[in-house]
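First up is the structure itself, then whatever we jot down about it.
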Amino acid sequence: MYWTLELASYLEDAPWPATKDELIDYGIRSGAPLEVVENLQELEDDGEPYETIEEIWPDYPTKDDFFFNEDEY
Numbered sequence: 004m005y006w007t008l009e010l011a012s013y014l015e016d017a018p019w020p021a022t023k024d025e026l027i028d029y030g031i032r033s034g035a036p037l038e039v040v041e042n043l044q045e046l047e048d049d050g051e052p053y054e055t056i057e058e059i060w061p062d063y064p065t066k067d068d069f070f071f072n073e074d075e076y
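What the sequence shown shows, in the numbering used here, is residues 4 to 76, in sequence order.
Printed below as a string of structure tokens:
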């Protein structure tokens, strides 16, 4: 399983929190690439919903990771 920013971006608008099956269904319905669905199928399924994409990919960058000064624009 591997994630890239491009692949993870397909899950940004997913209905969080969501279970593994709900995320797979969302990926299929939203037209995400096959790699996204395959990555989701490889996730462990303990029955608990995932609260955010960070639970799936802990290295997912957040707004705090970018050095963009919003006050300048």
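Positions of the beta carbon are idealized from the N, C-alpha and C atoms, including for glycine.
What does the Cβ neighbour count give for residue i, buried or exposed, with the cut at 16 atoms within 10 Å?
{"i": "Y5", "result": "exposed"}
{"i": "G30", "result": "buried"}
{"i": "L43", "result": "buried"}
Answer yes or no: do residue i and residue j have a C-beta to C-beta separation smaller than 8 Å?
{"i": "L10", "j": "L26", "result": "no"}
{"i": "P20", "j": "E54", "result": "yes"}
{"i": "L8", "j": "K23", "result": "no"}
Identify the residues that DSSP records as bridge partners of residue i: which are they?
{"i": "A21", "result": "Y53"}
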